[in-house]
Amino acid sequence: MNFSENLRRLRKAKDIKQEALAEAMNVSRQTVSKWENGTAMPDFKKLNALAEYFGVTMDELLGFSNDKNNNDNIDDYTKEYINELITLENMQSSKKIKELYKNLKTCAVIFCVALAVIIFFMISIYNQIDNLKSQINNVQSPQIIQDDSGNTHDMSDDASYEVLSFDKDKPWLANVLFTYAPETYSNSLKVTLEVPQDDNKTKELEFERKGGKFVLETQLDATIKGNYTLLAKDDSNTSTIDLTPDYASEYFNVDNYISTVNYKNTYLQFKAEDSNNVKFNLNSKQELEKAHLKIYSSKNKDKVLYEKDCRVADNTVFLGYLKAKIDYELILTNVDFEISATDKNGVKYIYYTNVSIDLSDEEIGSVETDNEQYEIEFPNGKTIINNSYDD
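Numbering (the numbering used here), first residue to last: 8 to 398.
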C-alpha cells in the first residue's frame, strides 16, 4: 500500500474529513486531496507531522517494509552514532591531555602540541557531525530524482502552481500562476514552460524574473491533455520539472463515501457517511441546480441496477433512500456509483466511486470505497477527467 492509500485509510479510520486534516496540517483542502489521489507529495516536515497526527511511524505512513531487522529509526541511529563518536574522541583527547600534562613541567612545547591535537580532534568531530547531518538530509529529502524518461530533476528547487480562477464565460479556461525558485540563481538562467496544445504539439511560455524567483501567470485550456514541463537552462545545465496541474481536483471535490451496505431479500441497501448527503465543493463558486444518481455493475456498465434524480440545495446532493435489487446468484462484489450534478452554467460535475463488497452467505463482510474518479463536462463538449482508480 502506497502513501496516498495509507493517508486516505488513516483519515477514514480517524473519522475526519479532508477539511479537518487540512486545518490540522495548515494546508488547503485541495492539497490534502492531491496527497490522497497521488498527484502530490508533502515535504518531510509535513510527512513527520502527519505521522505524529495519526500516531504511526514514518515507514508505516509511506508504506515501507516493517521488517524488524530493517526498521531502525534513522534519527535515533544517528544520535546514537554521534554520541558514540563524541565519547570516543573525548576519551582519546582526555587520555592525551593527561599524558601531556604530566610532562608539562619539563616541556612547554609539548603543551602547545597537546593543545593543537585537542583543537584538531574538535574540528574532526564537528566535521564528522556535519557529514552525518548532510547524509541524513540526503536520505530524508532526496535532492535529485530520475523520471521514467531518464531525465533528472533537482528537487531542491522550489516549483509550484496555483489555479487562481476560472473564466466566467468559458469555464474550461483556467488562470494559473506558476512559480519557480531555483536553489542556485544565475543571471544566465532562463526558465520556460512547455504547454500541450490541441494539435499534439507544445507551446513554450517564458517566465518573468521577480527578485530571486521566476513567475508565469497565464490562461490555459484545462481540457487539453498532456504534460506541462518546466525547463530551467543556464550556460552549463538544463533541468526539467513536471508541473502538470491536477485540474479536476481544482474544479471540485466531494466529502462523502459509501460507508455501509445491507443485503436482504435480494436487495442491496446503501448508506453514506453523512445521512446520504453528498456535498459538492465547487471552486468556481457556481450553484448546482440538478443532480442524478446511477448505480451499476462494475463488470457491466450497461447494467444499471438503480437510478434516480436527486434534490439539490446549497450545493449538497440529497441521495435519499438507496436500494438496488440484484440477482444473488451473480455473486455481486463490486458496484459503481455515479453522482452527477449540473450548475446553472451547464457545467456537469461527475463523481464516480467503486464499492467493493465482501458478500458471502447473504451476509455483508466489509465495504471499501477507495477508488474514485472526478470528471467535468462543459457545454461545448470539452471534458476533464482525473482518474484515481487503482488499476
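Note that CB positions come from ideal geometry on N, CA and C, so glycine has one too.
Residue j beta carbon less than 8 Å from that of residue i
{"i": "residue 258", "j": "residue 234", "result": "no"}
{"i": "residue 348", "j": "residue 254", "result": "no"}
{"i": "residue 53", "j": "residue 47", "result": "no"}
{"i": "residue 187", "j": "residue 202", "result": "no"}
{"i": "residue 122", "j": "residue 61", "result": "no"}
{"i": "residue 354", "j": "residue 178", "result": "yes"}
{"i": "residue 68", "j": "residue 32", "result": "no"}
{"i": "residue 225", "j": "residue 170", "result": "no"}
{"i": "residue 13", "j": "residue 70", "result": "yes"}
{"i": "residue 196", "j": "residue 241", "result": "yes"}
Outcome for residue i when other beta-carbon atoms lying within 10 angstroms are tallied against a minimum of 16
{"i": "residue 338", "result": "Annotation note: pLDDT 44 at residue 338 (below 50); position unreliable, coordinate value reported separately. By the neighbour-count rule (16 or more Cβ atoms within 10 Å), residue 338 is not buried but exposed."}
{"i": "residue 200", "result": "buried"}
{"i": "residue 261", "result": "buried"}
{"i": "residue 372", "result": "Caution applies to residue 372, whose pLDDT of 49 falls short of 50 and renders its modelled position unreliable; the value that the coordinates give is listed next. It counts as exposed."}
{"i": "residue 172", "result": "exposed"}
{"i": "residue 230", "result": "buried"}
{"i": "residue 204", "result": "exposed"}
{"i": "residue 185", "result": "buried"}
{"i": "residue 322", "result": "buried"}
{"i": "residue 383", "result": "buried"}
{"i": "residue 393", "result": "buried"}
{"i": "residue 130", "result": "exposed"}
{"i": "residue 357", "result": "buried"}
{"i": "residue 126", "result": "exposed"}
{"i": "residue 77", "result": "Reliability fails at residue 77, whose pLDDT of 45 lies under 50, so the model's placement of it is uncertain and no value is given."}
{"i": "residue 144", "result": "Because residue 144 sits at a pLDDT of 47, beneath the cut-off of 50, its placement in the model cannot be relied upon, and the following sentence gives the value as read from the coordinates. Exposed."}
Proximity to residue i [Cα-Cα], best of the options
{"i": "residue 251", "options": "287, 241, 227, 130", "result": "227"}
{"i": "residue 400", "options": "311, 327, 294, 288", "result": "Any answer about residue 400 is impossible in this case: the structure gives the chain only from 8 up to 398."}
{"i": "residue 285", "options": "20, 344, 66, 29", "result": "344"}
{"i": "residue 221", "options": "238, 33, 230", "result": "238"}
{"i": "residue 193", "options": "216, 17, 383, 204", "result": "216"}
{"i": "residue 165", "options": "49, 362, 26", "result": "49"}
{"i": "residue 307", "options": "205, 232, 361", "result": "361"}
{"i": "residue 327", "options": "167, 341, 301, 359", "result": "301"}
{"i": "residue 342", "options": "309, 119, 318, 316", "result": "309"}
{"i": "residue 318", "options": "304, 346, 28", "result": "346"}
{"i": "residue 314", "options": "323, 324, 299, 325", "result": "299"}
{"i": "residue 387", "options": "36, 10, 176", "result": "176"}
{"i": "residue 232", "options": "240, 219, 206, 119", "result": "206"}
{"i": "residue 11", "options": "391, 240, 379, 130", "result": "379"}
{"i": "residue 236", "options": "218, 214, 28, 383", "result": "214"}
{"i": "residue 324", "options": "311, 312, 297", "result": "297"}
{"i": "residue 4", "options": "352, 359, 358", "result": "The requested residue 4 does not occur in the structure, where the chain is confined to residues 8 to 398."}
{"i": "residue 245", "options": "391, 191, 55", "result": "191"}
{"i": "residue 292", "options": "243, 124, 316, 174", "result": "174"}
{"i": "residue 63", "options": "30, 37, 36, 21", "result": "21"}
{"i": "residue 223", "options": "208, 168, 243", "result": "168"}
Anticipated Cβ contact below 8 Å, residue i with residue j, distance rounded
{"i": "residue 294", "j": "residue 249", "result": "At roughly 35 Å, the Cβ-Cβ gap does not stay under 8 Å, so residue 294 and residue 249 are not in contact."}
{"i": "residue 304", "j": "residue 44", "result": "About 24 Å; that fails the 8 Å criterion."}
{"i": "residue 25", "j": "residue 39", "result": "5 Å"}
Heavy atom of the ligand NAD within 7 Å of residue i beta-carbon
{"i": "residue 37", "result": "You won't find the ligand NAD in this model; it holds no ligand whatsoever."}
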